[in-house]
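Numbering (UniProt numbering), first residue to last: 1 to 526.
Working notes, beginning with the structure itself.
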């Protein structure tokens, strides 16, 4: 998927979003077609749509720093530099990662708007590319509104030389969500008969993310979210979605004695859970060694029934890591390298990708016998040392040579969102549909099912935390459940951090404010 399309060159600031792309020169390929010429080719819209997905590959590169590292799941173990500032809620408006995340999403929006602006020229067999563009535009704005709160909604390619560009000011959060949902719904119509592909936007993904937007807006619309999610959960077979899950009767008999012990079954389920991320376990079953004794590797194949939408990354065929002494060719990180370095085995060398003590209290091998083995590097876990660094194992590829895809939506998320929609902001629910969706995720985790006929808000939030550790969901879950202040304030007090209610959102990038003086307002608290 990498390097699919780079014909429309972009700058690194918000001004890029306002530039006309009709006469731009591709500096990497001076013979590249102009936009007008490209639209006249047989596969022009497919090329443009591939370019949108290619542009989005930059978005996950530093998302971990700005989401998971700002939650109670992950911490920085160094005292100096950028990462401890982010994790301690001391990030400044001129922070480079804050600016890059904003601009990378905006770059993708511009590519999507190029298709949408020219949608009436798309041939019948390429109408799905218009749906993909609406989907990606909604997704990028969804990223931005959750991270920065009040943002502009850019719904066309703008020219900065015209006054029209200055009409796109920051909107109230609720207005942004209304436009996000509208775009997702528009994409559903275009994607209705499109071929299902885990690496491309789909009708099912659009339905589920529209529901997630309904749940995330300032005044959640639980009814609409429930209807959308029910249409997928109750018809998951038609969509081809399900959890990767092995029934006990089909579990691996590691001991070869003809019976399956609880720990053997948990080992099988842990391998199932790792397979969701395209990972394979290399090692042995050893009950005395926290069930699995070995390591994970990534096969580069995340196309499974649980993945609804993911961003693909190529395996970088290089044995070299980027260092100050690297040659010029190795100094240039690919998108795959940038994503994998922070999130995989090389991440700890930068002092990130490390579990907090608070997380380990609820994610011990005893409490989470399945998820623990597929989430953490077991050899790094030492509960007898409070300052022990326990590292992420969900993305096990070695740094720059990464081939882990970035999962944006998987079926476990849909099931728990369905429970959340039915819960509808209450403290508990007795609805059997919500409890069964919750229990499906619990079963795969090797945990006891909820048999009390009551599902509480806290149980659901706790389950999401354990299921989606290091998937950049925790901070947004806390905000959506209305618990960010309660949880992060106490976490901040316990760890001498500087969280305040305003810090749940990032500062608006200072570079964007400086580029257009008087155009943007800085977020409260910065």
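Think of the CB as a built atom: it goes at the ideal place given N, C-alpha and C, for glycine as much as any other residue.
It should be emphasised that the depicted structure is a prediction, and the values quoted were computed from it without experimental measurement.
{"Asked": "Residue 286, enclosing beta strand (DSSP E) - first and last residue", "Found": "279-286"}
{"Asked": "Identity of the residues DSSP links to residue 309 by a beta bridge", "Found": "409"}
{"Asked": "Option in 53, 95, 89 and 94 with minimal Cα separation from residue 130", "Found": "53"}
{"Asked": "Length of the line joining the Cα atoms of residue 267 and residue 441", "Found": "16 Å"}
{"Asked": "Top-ranked residue by Cα proximity to residue 36, from 225, 114, 55 and 104", "Found": "114"}
{"Asked": "Cut-off 6 Å between Cβ atoms - residues of its own chain near residue 359, not counting five sequence neighbours on either side", "Found": "73"}
{"Asked": "Integer-rounded CB distance, given that residue 200 should sit under 8 Å from residue 132", "Found": "6 Å"}
{"Asked": "Backbone secondary structure at residue 88 - three-state DSSP", "Found": "coil"}
{"Asked": "Member of 233, 296 and 184 whose CA lies at the smallest distance from the CA of residue 210", "Found": "184"}
{"Asked": "Whole-angstrom distance between residue 104 and residue 10, CA atom to CA atom", "Found": "With a pLDDT of 33 at residue 10, under the threshold of 50, the modelled position of this residue cannot be trusted; read the value that follows with caution. So the alpha carbons of these two residues sit roughly 10 Å apart."}
{"Asked": "Which listed residue (173, 203, 449 and 245) has its alpha carbon closest to that of residue 149", "Found": "173"}
{"Asked": "Beta-carbon gap between residue 407 and residue 310 smaller than 8 Å", "Found": "yes"}
{"Asked": "Inter-residue Cα distance where the pair is residue 126 and residue 367", "Found": "49 Å"}
{"Asked": "Distance cut-off 7 Å: residue 163 Cβ against heavy atoms of the ligand COA", "Found": "This structure simply doesn't include the ligand COA, nor any ligand for that matter."}
{"Asked": "Whole-number beta carbon distance between residue 33 and residue 519, since they are thought to touch under 8 Å", "Found": "That belief does not hold up - the Cβ atoms of residue 519 and residue 33 are roughly 34 Å apart, past 8 Å."}
{"Asked": "Proximity to residue 529 [Cα-Cα], best of 98, 255 and 61", "Found": "As shown, the chain starts at 1 and ends at 526. That puts residue 529 outside it, with no answer to give."}
{"Asked": "From 491, 89 and 49, residue whose alpha carbon lies closest to that of residue 137", "Found": "49"}
{"Asked": "Neighbourhood of residue 460 by C-beta, 7 Å cutoff - its chain only, sequence neighbours within 5 removed", "Found": "416, 419, 420, 423 and 438"}
{"Asked": "Proximity below 8 Å, CB of residue 556 to CB of residue 373", "Found": "This structure cannot speak to residue 556, because the chain is shown only from 1 to 526."}
{"Asked": "Other residues of its chain near residue 363: CB distance less than 8 Å, five sequence neighbours each side excluded", "Found": "355, 371, 372, 375, 376, 466 and 469"}
{"Asked": "Whole-angstrom distance between residue 463 and residue 119, CA atom to CA atom", "Found": "42 Å"}
{"Asked": "Contacting residues, own chain, Cβ-Cβ under 6 Å from residue 144 (five flanking each side not counted)", "Found": "105 and 151"}
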